[in-house]
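Going by the numbering used here, the first residue of the sequence shown is number 3, and it counts up by one from there.
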Amino acid sequence: MGRAAERSERSERSCAGALVALLLVLLTACGNPPQINSPDLSEADAEACAEFVDALPETLSGLDRVEVEPADAPGAAYGDPAIVITCGVGEPAGFAKGAPCESVAGIDWFVPAETYGDEPVDVVMTSAWSRPRVRVEIPDDHWPEATAAATGVLSPIVKETLESVGRCDF
Numbered sequence: 003m004g005r006a007a008e009r010s011e012r013s014e015r016s017c018a019g020a021l022v023a024l025l026l027v028l029l030t031a032c033g034n035p036p037q038i039n040s041p042d043l044s045e046a047d048a049e050a051c052a053e054f055v056d057a058l059p060e061t062l063s064g065l066d067r068v069e070v071e072p073a074d075a076p077g078a079a080y081g082d083p084a085i086v087i088t089c090g091v092g093e094p095a096g097f098a099k100g101a102p103c104e105s106v107a108g109i110d111w112f113v114p115a116e117t118y119g120d121e122p123v124d125v126v127m128t129s130a131w132s133r134p135r136v137r138v139e140i141p142d143d144h145w146p147e148a149t150a151a152a153t154g155v156l157s158p159i160v161k162e163t164l165e166s167v168g169r170c171d172f
């Protein structure tokens, strides 16, 4: 085999190798949709959650809505890493009378005490005084901007579509 043929063969192998590497990068970048664990809901709660999810916007805090798994889950997700919203969740850990909360547009959100601080943290907020409850999980990548934006957008939707069963004690 002559030198020109060897160079051509090496060039083809290099191109093929580069193409395979590019495909691997693209496939790795395309993650799976966020998973939403579907809670066991009564018929009334399932209907309320469906109304809530249908009312959610296409963008939240500048992030586009993305597909979730399963597709019929009572929730939605935005961005990557995803802000995940789930309707019909149970009582959050650490929730008790006098628990810390944030009140936005007439909706009280339970926010665990360890969330407060100056360092970026994953935030989990729950509309603990609505039925069914809504949980919002915000990755630290979106802290703190998305926290205020999410409650500002979601509170009126919670108020409009879900039942209020009390207020937090300030």
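Yeah, the Cβ is synthetic: ideal placement off N, Cα and C, and Gly gets one too.
CA-CA distance, residue i and residue j?
i, j, result
"Arg67", "Pro59", "8 Å"
"Glu49", "Arg133", "12 Å"
"Glu116", "Gly96", "11 Å"
"Asn34", "Gly81", "12 Å"
"Asp142", "Ile38", "19 Å"
Among the options, which one has its Cα closest to the Cα of residue i?
i, options, result
"Gly168", "Trp111, Thr149 and Gly154", "Trp111"
"Lys99", "Ala73, Pro72 and Ala130", "Ala130"
"Asp171", "Ala52, Gly64, Cys103 and Pro146", "Cys103"
"Tyr118", "Ser63, Glu93, Pro146 and Ala73", "Pro146"
"Ala152", "Thr128, Thr163 and Leu164", "Thr128"
Considering only residues of the same chain and omitting the five flanking positions on each side of residue i, which have a CB-CB separation below 6 Å?
i, result
"Gly108", "Lys161"
"Glu139", "Val86 and Val126"
"Glu165", "Arg133"
Considering only the beta carbon of each residue, do residue i and residue j sit closer than 8 Å?
i, j, result
"Ile87", "Gly77", "yes"
"Val123", "Thr149", "no"
"Ala79", "Val70", "yes"
"Pro72", "Ser40", "yes"
"Val106", "Ser157", "yes"
Report the partner residues of residue i according to the DSSP bridge assignment.
i, result
"Ala78", "Ile87"
"Leu43", "Looking at the DSSP assignment, Leu43 forms no beta bridge with any residue, so it has no partner."
"Arg137", "Thr88 and Thr128"
"Ser105", "Asp110"
"Asp66", "Thr61"
"Ser166", "Ser132"
"Glu71", "Gln37"
Enumerate in chain order the residues of its own chain whose CB-to-CB distance from residue i is below 7 Å, with the five nearest sequence positions on each side excluded.
i, result
"Cys89", "Cys51, Phe54, Val55, Pro76, Gly77, Pro134 and Val136"
"Val155", "Pro59 and Leu62"
"Ile159", "Phe54, Ala57 and Leu58"
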